[in-house]
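The listed protein sequences correspond, in order, to chains B and C. Under the numbering used here, think of the first position of the first sequence as 102, with each following residue one higher. Under the numbering used here, think of the first position of the second sequence as 295, with each following residue one higher. Comments concern the structure below.
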Amino acid sequence: QQQVKQSPQSLIVQKGGIPIINCAYENTAFDYFPWYQQFPGKGPALLIAIRPDVSEKKEGRFTISFNKSAKQFSLHIMDSQPGDSATYFCAASMNYPPLVFGKGTRLSVIA
Amino acid sequence: EAGVAQSPRYKIIEKRQSVAFWCNPISGHATLYWYQQILGQGPKLLIQFQNNGVVDDSQLPKDRFSAERLKGVDSTLKIQPAKLEDSAVYLCASSSGQVGEKLFFGSGTQLSVL
Numbered sequence: 102q103q104q105v106k107q108s109p110q111s112l113i114v115q116k117g118g119i120p121i122i123n124c125a126y127e128n129t130a131f132d133y134f135p136w137y138q139q140f141p142g143k144g145p146a147l148l149i150a151i152r153p154d155v156s157e158k159k160e161g162r163f164t165i166s167f168n169k170s171a172k173q174f175s176l177h178i179m180d181s182q183p184g185d186s187a188t189y190f191c192a193a194s195m196n197y198p199p200l201v202f203g204k205g206t207r208l209s210v211i212a
Numbered sequence: 295e296a297g298v299a300q301s302p303r304y305k306i307i308e309k310r311q312s313v314a315f316w317c318n319p320i321s322g323h324a325t326l327y328w329y330q331q332i333l334g335q336g337p338k339l340l341i342q343f344q345n346n347g348v349v350d351d352s353q354l355p356k357d358r359f360s361a362e363r364l365k366g367v368d369s370t371l372k373i374q375p376a377k378l379e380d381s382a383v384y385l386c387a388s389s390s391g392q393v394g395e396k397l398f399f400g401s402g403t404q405l406s407v408l
C-alpha cells in the first residue's frame, strides 16, 4: 500500500518556538501534498498544501518545505501559540483524491 | 456555509451487533468519502463515491461493511456484524471532486465495540 511516513509522533514546544513535522513518501506519482490539522472531537481541516513544482509555500505562520529529490516534505509553524496544540497529519494523493494520510503528530505548545 | 453533518456522534455496541452511520455532505459536493480513524492513527479511506457511484472501495471490508449514497446526496455506512477491531472514529468527508480540491470533514462518529 502506498504510504506516507510521518515523524515525530509527538512534539512539545514552548510558546514562540518553531515546531517542525516531517513526512516522507515513496510513490513518485504523488503530486499533491496537504497538511491537515485536527482538534480533539473534530474532523481534520486543511491547513496548507503544496505541489511538487515549488519548494516552499507560506500561509501566515505555516510553511511547507518540499524536497522532491529526497521525497520529503515538512511543516514549520512560526511563533507557535497554545492554540496551535492539535494533531497534524501530512497526506498525499496523485491526480485525484483520495488522500493517503500519515499517522499524525500530536503537538503541544506550552506557555 | 453548512459543514458536513454526521450522526450519531457516539455509538456503543457489543460485538456481533450491527450499526449504521449517516452523513450529509456539503450541498453541491459530488464526491463523498468515508474514512476510518483508529486511535493514534491517521484516517484510512474506506470508500469513495462520485455522485451515487462507487469510485474506490478497495479497502472496504466487504464481508461486514457496506455503504450507499442515496440519490447522490446523503450516505450511510453500515457494519454487520461488528468486531472489536472496528472501534474507531468514522469520518465522512466531501469535496467538489476537482484535482487537489480540499476535503471537508465532519466531526465523525465514535464507535466503541465491546
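Every residue, glycine too, gets a C-beta built ideally from N, C-alpha and C.
Would you list the one or two residues that DSSP bridges to Asp154(B)? None, per the DSSP bridge assignment.
When the Cα atoms are used, what is the spatial distance from Phe359(C) to Ala376(C)? 9 Å
Residues near Gln353(C) by beta carbon distance below 7 Å, same chain, minus five either side: Lys338, Leu339, Leu340
With the cut-off set at 7 Å, would you say Val105(B) and Ala193(B) are in Cβ contact? yes
Glu379(C) in three-state terms, based on DSSP: helix
Is it buried or exposed for Asp154(B), if we count other Cβ within 10 angstroms and need 16 for buried? exposed
Using DSSP's beta-bridge definition, name the partner residues of Gln261(B). As shown, chain B starts at 102 and ends at 212. That puts residue 261(B) outside it, with no answer to give.
Who pairs with Glu160(B) in a beta bridge, going by DSSP? Phe163(B)
Cutoff 7 Å: Pro319(C) Cβ touching any chain B Cβ: no
From this set, Leu112(B), Ala125(B), Pro120(B), Met179(B), which residue's C-alpha is nearest Phe167(B)'s C-alpha? Ala125(B)
Under the rule that 16 or more other beta-carbon atoms within 10 Å means buried, what is Tyr189(B), buried or exposed? buried
Taking 7 Å as the threshold (beta carbon to beta carbon), is Leu208(B) in contact with chain C? no
Three-state secondary structure assigned by DSSP to Asp185(B): helix
Counting only Cβ-Cβ distances shorter than 9 Å, please list the residues of the stretch 128-159 of chain B near chain C, keeping chain order. Asp132, Tyr133, Pro135, Tyr137, Gln139, Gly142, Lys143, Gly144, Pro145, Ala146, Leu147, Ala150, Arg152
Assign Gly402(C) to one of three DSSP states: helix, strand, or coil. coil
Based on Cα-Cα distance, which residue from Ser301(C), Ile320(C), Tyr329(C) lies nearest to Ala382(C)? Tyr329(C)
Please compile the residues from chain C whose C-beta is within a distance smaller than 7 Å of the C-beta of Lys169(B). Chain C residues near Lys169(B): none, gap ~17 Å exceeds 7 Å.
Run the CB neighbour count on Gln110(B), radius 10 Å, all protein chains shown included, and call it buried at 16 or more, exposed below. exposed
Give the residues from the stretch 338-372 of chain C that approach chain B closer than 8 Å (Cβ to any Cβ), ordered along the chain. Lys338, Leu339, Gln342, Asp350
Within-7 Å CB hit, Phe174(B) to chain C: no
Return the residue from the list Arg363(C), Ile332(C), Leu408(C) that minimises the CA-CA distance to Gly347(C). Arg363(C)
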